[in-house]
């Protein structure tokens, strides 16, 4: 059952008991998984090439999708038919991150121009300049209760803003000066972050007390995700590893290394992970067995962003396309003894 709007679904109890730290282990050749998909091709503007997509976020209600990338714009799409609803312009540099407020009323965006801008999620009207930071912003995230907005980037600080007053409520210590990923725990009492140092840091929110530092990766961490019960964190890194750690203690364990940088991660179902990166594939893992159960094919460039919500997994990247995958049957199958379903190549619809 999906219990979080972020779809970072809980791992089964005891899911990590069979894991060992074996970063050099190779899984068997992954099979193609058959999930229906829809593709949205980003349009070209004038003589320019279509923009790459390096950030995406699903609206809490699930009908709309916000994307951003290297053309300084934010786009909002109708996920059902792939139609562009709004093109939001106001940033003056690469937009690295977007997020919706939990009530779905506000869309926030940020990036290399150091500004956090907010927009009316329904009309696309620009609301205000939420904040300006001293350095480029790599990621922003609303807390699940909507009280906080966390901002990280190219400085050794995590700024925690009061979402209502727009004022800085706390400044937390980041593990390095190049922080790329942040996520709130489901109860909003903690957040996790990581970046260039490869150190996964768990902090109390809003006090900033460092709860744990885990040496999870040998290179830059690019994505993090909590399980919905807050017991586990998954991180993806440029060292080709996905690391899973229990919040309560222990070093955790890495899934077998893949031949590509891992740039995005999301839980789906009670015991499965979707991860993606520079090999153009979405890899599906069974956390309990450490088996790579299959791959989703379709992207022709690096995949930079993933999110799962309800029955939909959305991916996007450097091939200038957005793909939505129907994971409904897969999530349902998690209740039974089998893993991924293997079959024909995905049924695909393309929207331009």
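Numbering (the numbering used here), first residue to last: 257 to 608. Backbone N, C-alpha and C fix where the C-beta goes; we use that ideal spot for every residue, glycine too.
Check                                                                                                                   : Outcome
Reduced DSSP category for residue 550 - H, G, I as helix; E, B as strand; rest coil                                     : strand
Those runs of the beta strand (DSSP E) which lie wholly inside the region 371–426 and span at least 3 residues          : 371–376, 382–388, 393–398, 404–409 and 413–418
Buried/exposed call for residue 517, threshold 16 Cβ in 10 Å                                                            : buried
Selection from 520, 408 and 476 that minimises the alpha carbon distance to residue 536                                 : 520
At least 3 beta-carbon pairs within less than 8 Å: the region 428–440 vs the region 450–464                             : yes
Alpha-carbon to alpha-carbon, residue 465 and residue 325                                                               : 33 Å
Pick from 468, 567 and 563 that is closest to residue 609, judged by C-alpha positions                                  : Residue coverage of the chain in this structure runs from 257 to 608, which leaves residue 609 outside it and unanswerable.
Close beta carbons around residue 390, own chain, < 8 Å, minus the five adjacent residues each side                     : 370 and 411
Separation of residue 396 from residue 409, as counted between CA atoms                                                 : 9 Å
CB of residue 415 within 9 Å of CB of residue 406, strictly                                                             : yes
Other residues of its chain near residue 486: CB distance less than 7 Å, five sequence neighbours each side excluded    : 441, 442, 443 and 503
Residue range of the beta strand (DSSP E) that includes residue 317                                                     : Careful: residue 317 lies outside any beta strand (DSSP E) and carries neither H nor E.
Sub-9 Å separation of residue 522 and residue 312 beta-carbons                                                          : no
Residue 436, enclosing beta strand (DSSP E) - first and last residue                                                    : 435–440
Every unbroken beta strand (DSSP E) inside the region 505–533 [3 residues or more]                                      : 518–524 and 528–533
Where residue 584 falls, given that 16 or more other Cβ within 10 Å makes a residue buried                              : exposed
Close-in-space but distant-in-sequence residues of the same chain around residue 362 (CB under 8 Å, 5 per side omitted) : 356, 374, 375, 376, 377 and 383
Buried/exposed call for residue 515, threshold 16 Cβ in 10 Å                                                            : exposed
Buried versus exposed, by CB contacts within 10 Å (16 or more), residue 471                                             : exposed
Residue interval of the beta strand (DSSP E) (run including residue 541)                                                : 538–542
DSSP beta-bridge partners of residue 428                                                                                : 414
Proximal residues to residue 467 (C-beta, below 7 Å), its chain only, five neighbours per side dropped                  : 446, 458, 459 and 460
Extent of the continuous beta strand (DSSP E) run through residue 492                                                   : 488–493
Residue 299, buried or exposed, once every other Cβ within 10 Å from all chains shown has been counted against 16       : exposed
Candidates 547, 365, 506 and 557: closest to residue 350 by CA position                                                 : 365
Contact set for residue 315: own chain, Cβ-Cβ below 6 Å, skip 5 residues either direction                               : 356 and 360
Whole-angstrom C-beta distance between residue 582 and residue 292, which should lie under 8 Å                          : 4 Å
Rounded separation between residue 296 and residue 346 - CA only                                                        : 23 Å
Closest residue to residue 380 among 479, 320 and 484 (Cα-Cα distance)                                                  : 320
Residue 550 beta carbon less than 9 Å from that of residue 576                                                          : no
Same chain, Cβ closer than 8 Å to residue 404, neighbours up to 5 away in sequence not counted                          : 398, 416, 417, 418, 419, 425, 440, 444, 461 and 462
Buried versus exposed, by CB contacts within 10 Å (16 or more), residue 539                                             : buried
Which residues DSSP lists as bridging residue 577, in chain order                                                       : 297
Residue from 329, 309 and 317 with nearest C-alpha to residue 566                                                       : 317
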